[in-house]
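Protein chains: 2
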Amino acid sequence: MIQPRSECPLSYSLDVFGDKWSLLIIRDLMFTNKCTYNDFIKSDEGIATNILAARLKSLEENGIIDKLEHPDSKAKKLYKLTQKGIELLPIIVEIYIWTDKYFAMSADLKATIKEAKKDKEKFIKQITKELKAKS
Amino acid sequence: MIQPRSECPLSYSLDVFGDKWSLLIIRDLMFTNKCTYNDFIKSDEGIATNILAARLKSLEENGIIDKLEHPDSKAKKLYKLTQKGIELLPIIVEIYIWTDKYFAMSADLKATIKEAKKDKEKFIKQITKELKAKS
DNA sequence: TGCTTTTGCTTGCAAAATGCAAGTGCAAAT
DNA sequence: ATTTGCACTTGCATTTTGCAAGCAAAAGCA
């Protein structure tokens, strides 16, 4: 765990996921079926292998994800959001809603965000339920 | 403006404020009366002068803040959130709520977060109104 | 009016983080 | 038995960050 820069909770949370990659990994875990090292490597943004390893380690150390044995193969590892990680969903939803106003995106995604906006709580509960079901 | 890393809006937003300092500057503009370069320098986290200058420039370029003449003095500059910047409030509120569960903080702040949680929309509207009144 | 302080930076350099390419060890498939 | 897939690690170049010092314009003060 890192030494917090200040008493401010915002500052603490930025030390946990305030970089260019962590939230993208969390996004993959939340909205896609990506759950292995190679899955994340294949994401559009093109994270470097060493950076991915470092981020996964830090997310695990900070209790955001768990690293588990993959049921299909001993060669694979399974990464999964913890409860603490799942609870980042409202933050990510708000980021999507904000970006929706200022950044072009696919009609598909726009429609999903519209859904989320209509009843945020319902949307968050639904996704949370799905994420927990994966356990 | 930066070249986006991917089509993903989350990725775009991280390019705008996904670093260890930008949201802290935005926090200062939202919840404290800090509005000048020196005000930000004096924040608890201790941002370096060159980094602050770089972040202010990038936030301005991304339309999150405006840099204005200070009414009191020509030596001072006045930094202010734009509408786009003010709209980051829901994100920051969610971050505070998340952190509330996993990080110790002052009773004062805890009480404020409790208030915000009780009726998020009302809380956000109230702060937004106050921020716009500064214009 | 001259001198000091404040303000908002910039510059130079060291240290850390990032990015890229290649390599490694184990497991699984052929 | 050999190749492929998976999850990394390592070495090195590049970029970003952090720290200390400096600097010009404006303001405050004598």
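Residue numbers (numbering that gives the first Met the number 0), protein chains in the order written: chain D, 0 to 134; chain X, 0 to 134.
Using N, Cα and C, we set each Cβ at its ideal position, and we do this for glycine too.
- Excluding its 5 nearest sequence neighbours in each direction, Leu28 of chain X has C-beta neighbours in its own chain below 6 Å: Leu80, listed in chain order.
- Here Ser72 of chain X carries a strand assignment [DSSP, helix/strand/coil].
- Comparing alpha-carbon positions, the option among D:Ala47, D:Ser42, D:Arg4 and D:Glu120 lying closest to Glu93 of chain X turns out to be D:Glu120.
- Close to chain D, meaning a Cβ-Cβ distance shorter than 8 Å, is no residue of the stretch 113–130 of chain X at all.
- For Lys79 of chain X, the secondary structure class from DSSP, reduced to helix, strand or coil, is strand.
- Under DSSP, Leu55 of chain D shares a beta bridge with no residue.
- Taking a C-beta distance under 8 Å as the contact criterion, Glu6 of chain D and Met104 of chain X qualify as a contact pair.
- The residue from X:Asp71, X:Ala74 and X:Leu58 with its alpha-carbon nearest to that of Gln82 of chain X is X:Leu58.
- Around Tyr11 of chain X, the beta-carbon contacts reaching into chain D at under 8 Å are Thr98 and Phe102.
- For Lys19 of chain D, the neighbours in chain X by C-beta distance under 7 Å run, in chain order, Leu13 and Gly17.
- Within chain D, Ile94, Tyr95, Thr98, Asp99, Phe102, Met104 and Leu108 have C-beta atoms less than 8 Å from the C-beta of Pro8 of chain X, given in sequence order.
- Cβ-Cβ distances below 7 Å link Ile50 of chain X to Trp20 in the same chain, with the five nearest sequence neighbours on each side left out; the list follows chain order.
- Neighbours of Glu44 of chain X in chain D, taken as residues whose beta carbon is under 7 Å from its own, are Arg4, Ser5 and Ser10 in chain order.
- Of the other Cβ atoms in all chains shown, 16 or more fall within 10 Å of the Cβ of Ile24 of chain X; this residue is therefore buried.
- Chain-order list of chain X residues neighbouring Arg26 of chain D: Cys7, Leu9 and Ser10, by C-beta distance under 9 Å.
- Beta-carbon to beta-carbon, Leu77 of chain X and Glu68 of chain X are separated by about 7 Å, close enough to satisfy the 8 Å threshold.
- Looking at the DSSP output, Asp65 of chain D sits in a beta bridge with D:Lys79.
- At a cut-off of 8 Å, the C-beta of Lys56 of chain D has no neighbouring C-beta in chain X.
- Not a single C-beta of chain X is nearer than 8 Å to the C-beta of Leu80 of chain D.
- Close partners of Leu23 of chain X in chain D (Cβ separation under 8 Å): Cys7, Leu9, Ser10 and Leu13.
- Within its own chain, the residues whose Cβ lies closer than 7 Å to the Cβ of Leu88 of chain X, once the five positions on either side in sequence are excluded, are Met29, Ile123, Ile126 and Thr127, listed in chain order.
- Annotated three-state conformation of Leu87 of chain X is coil, per DSSP.
- When 7 Å is used as the limit between beta carbons, Pro70 of chain X is near no residue of chain D, the shortest such separation being about 29 Å.
- Excluding its 5 nearest sequence neighbours in each direction, Phe39 of chain X has C-beta neighbours in its own chain below 7 Å: Ile24, Asp27, Lys33, Ile46 and Leu51, listed in chain order.
- In this structure Leu13 of chain D is not in contact with Leu13 of chain X, their Cβ atoms being roughly 12 Å apart against a cut-off of 8 Å.
- Glu44 of chain X sits buried, since 16 or more C-beta atoms from the chains shown fall within 10 Å of its C-beta.
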